[in-house]
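Written out below as structure tokens is the structure these notes cover.
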Ligand SMILES: [Zn+2]
């Protein structure tokens, strides 16, 4: 798998179209001052694939890793990105410290699914994603923000919250006309979802008002503004 150029300095390592793989898109904002990686990948193996693609494309080394939110498939690859500063919303710190303290193993994943079958799709995907727990660690952000932060390369990260995850943040690369949405407008995760929970279309409409050329959600193909507008109108 190779990096795909989206626009300006934004590149995408496309996610797996099979939803059961729970493998989101990882974005790279290339810059000679240090690239910004947006989301870590769902496993060290996934992160290593992105790193190899980055090297093959000849893009500058990453200096910052931004978490769009704390869910496993966006952060479990972090321990395979050495030497980066991890940027995330302040509310992700406690959430990820708690996740880091759990005794992750294949046995633990099995036990958790037996105790709560609604965890099955997520925890079985984690078991497939991580073949070895040696050296595995969940890393909370080391640079946090409350409302918004601008990184030295001009990449802005803005907290939007919402019901999918309290720490959801979007990444704006204005010079490239790209907004990276993570999962911010998606419904709550399956095991927390109620019968009336759907996508947050009001949030999605609000984000489109920024008028960027490209909108990138983590688990689907990137959409142009016109395509996103049409999807919301339909
Ligand atoms: Zn998520």
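Numbering (the working numbering), first residue to last: 125 to 358. Here a beta-carbon is modelled for each residue, glycine too, at the ideal position from N, C-alpha and C. Note that the coordinates shown come from a computational prediction; the quantities given were computed from them, not determined experimentally.
At a cut-off of 8 Å, the beta-carbon of residue 291 does not count as near ligand 1: no heavy atom of the ligand is closer than that. Those residues placing their Cβ nearer than 5 Å to any heavy atom of ligand 1 are, following chain order, 195 and 307. Cα atoms of residue 213 and residue 160: separation of roughly 16 Å, rounded to the nearest angstrom. Buried is the label assigned to residue 327, since at least 16 other Cβ atoms lie within 10 Å of its Cβ. For residue 237, the secondary structure class from DSSP, reduced to helix, strand or coil, is helix.
With fewer than 16 other CB atoms across the displayed protein chains lying within 10 angstroms of its CB, residue 143 is exposed.
Looking from the CA of residue 221, the closest CA among 195, 318 and 173 belongs to 195. Annotation: the continuous alpha helix (DSSP H) that includes residue 245 extends over 244 to 253.
DSSP places residue 351 in the helix class (H, G or I) of the three-state scheme.
Rounded to the nearest whole angstrom, the CA to CA distance from residue 287 to residue 252 is 27 Å. Residue 165 sits buried, since 16 or more C-beta atoms from the chains shown fall within 10 Å of its C-beta.
Counting the other CB atoms within 10 Å of its CB gives residue 256 a total below 16, which places it among the exposed residues. Closest in alpha carbon position to residue 169, among 136, 125, 243 and 130, is 125. Secondary structure at residue 283: strand, using DSSP grouped into helix, strand and coil.
Excluding five sequence positions before and after residue 127, the CB atoms of its chain that fall closer than 6 Å to its own CB belong to 135, 137, 177 and 181, given in chain order.
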